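Each residue of the sequence shown is one higher than the one before, starting from 1 at the first, in full-length UniProt numbering.
Glycine included, C-beta positions come from ideal geometry on N, C-alpha and C.
These numbers were taken from a predicted model, which means no experiment stands behind them.
Below is one structure, written out as structure tokens; the observations come after it.
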Amino acid sequence: MEIRKRVLTTLNHRQPDKIPYNINFTLAAREKMVKYYNDPEFDKKLGNCFCKLSTEPDGAWQEIKPDIWRDQFGVHWDRSVDKDIGVVCNTAITAETFDEFVFPNPNDPSRYAAYSKIIKDNPHGLYFSSIGFSLFERAWTLTGMENLLMYMITDPDFVHRLMDKILDFNLRIIERACSFDIDIMHFGDDWGQQNGLIMGADMWREYIKPRVKKMYGLARSKDKFVSIHSCGKIDEIFPDLIECGLNIFNPFQPEVIDVAKMKETFGQSL
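What follows is the structure in structure tokens.
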């Protein structure tokens with residue numbers, strides 16, 4: 001069975017010849033693997049089933065001083081320890097400065113410049129376009145995590161306006177990305193910690209659910225599968241996510257989620 005057919009068979013809840021998989025590495029782990037195998041392209045031999053297409057523009061990340069990187073939104077990341085992502089070390093937006101903040105251009109052609117050639121060169125691949133830090137994460141990286149959680153209580157109007165601005169940005173990217181021959185629209189947005197949702201289910205349903213429903217709905221209207229990455233224990237909102245149109249959830253952390261129970265309960269939908 002070809003990789004593409006294997007994945008689509010699985011996503012349509014039929015039995016494939018074997019389970020599709022995708023193995024990724026942190027920068028540190030990848031460097032160790034390259035050294036161990038003496039092969040800088042070892043990962044091309046792993047048989048990974050998914051091909052990721054970024055939605056970031058050229059120059060999305062710039063090192064402004066040693067180990068400090070600025071992303072396309074003007075958020076500064078300290079990568080002196082964590083080389084993959086880093087730690088936010090500035091405050092890009094407050095409730096008082098929000099109206100002055102200029103978002104990056106979601107229609108920047110460089111975001112999608114490589115899509116057509118990559119897909120043409122490997123027509124049998126299974127492609128997903130990815131928006132990292134898609135909603136909650138984008139909001140807290142701009143304001144600061146503690147600030148955002150406090151704003152959710154003290155200034156809900158600001159949070160709704162911020163989330164709507166992020167939503168509009170995302171919808172424009174989804175619209176453009178889904179015009180290509182991709183299979184999946186993927187969103188990264190960590191909502192969970194080890195014992196539940198960071199903001200709690202009520203606030204998740206107030207601030208996040210209505211907007212992910214629009215994002216997922218747009219992708220589904222383009223006949224794309226919808227995938228989400230969220231760390232932590234968030235199984236209490238699986239029914240909400242399925243209602244919003246989710247097809248794929250990653251990761252099922254066995255330390256905090258009963259994977260067998262999730263398969264039994266939600267296996268017909270996820």
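Going residue by residue through the segment 196-262, where are the continuous alpha helix (DSSP H) segments of at least 4 residues, counting only ones entirely within it?
Runs found: 209-221, 238-244.
Do Arg4 and His124 have their CB atoms nearer than 8 Å?
Yes. Within cutoff.
With a threshold of 16 other CB atoms inside 10 Å of the CB of Ser110, please say whether the residue is buried or exposed.
The residue in question, Ser110, is exposed, as its Cβ has fewer than 16 Cβ neighbours within 10 Å.
Do Asp235 and Met262 have their CB atoms nearer than 8 Å?
Result yes, Cβ atoms of Asp235 and Met262 sit closer than 8 Å.
Since Cys178 sits in a beta bridge, which residues does DSSP pair it with?
DSSP lists no partner for Cys178.
Indicate the three-state DSSP secondary structure (helix, strand or coil) for His124 in the structure shown.
Coil at His124, not helix or strand.
What is the DSSP secondary structure of His76, counted as helix, strand or coil?
Here His76 sits in strand by DSSP.
Rounded to whole angstroms, what's the CA-CA distance from Lys213 to Cys244? Just pull it up for me.
Cα to Cα, Lys213 sits roughly 5 Å from Cys244.
Comparing alpha-carbon positions, which option in Pro104, Arg211, Glu56 lies nearest Ala114?
Nearest C-alpha to Ala114: Glu56.
Can you give me the Cβ contacts of Met33 inside the same chain, cut-off strictly under 8 Å, excluding the 5 residues immediately before and after it?
Contacts found: Phe25, Phe42, Asp43.
Give the range of the alpha helix (DSSP H) segment to which Ile153 is assigned.
Residues 145-154.
Rounded to the nearest angstrom, what separates Met145 and Glu2 at their Cα positions?
Rounded to the nearest angstrom, the two C-alpha atoms are 43 Å apart.
Please classify Leu46 as buried or exposed, where buried requires at least 16 other C-beta atoms within 10 Å of its C-beta.
Leu46 is exposed by the Cβ-count criterion.
What residues in its chain sit with their C-beta under 8 Å from that of Phe73, if we drop five residues either side in the sequence?
The residues are Ala92, Phe103, Pro104, Arg138, Thr141, Leu142.
Assuming contact is defined by CB atoms lying nearer than 8 Å, are Tyr207 and Leu246 in contact in what I supplied?
The answer is no: Cβ separation not under 8 Å.
Could you check the C-alpha separation between Ser227 and Phe249 for me, to the nearest Å?
If you take the alpha carbons of Ser227 and Phe249, they lie about 6 Å apart.
By how many angstroms is the C-alpha of His160 removed from the C-alpha of Asn170?
Approximately 15 Å, taken between the alpha carbons.
May I have the straight-line CA-CA distance separating Lys18 from Glu100, to the nearest angstrom?
Their backbone Cα atoms lie some 52 Å apart in a straight line.
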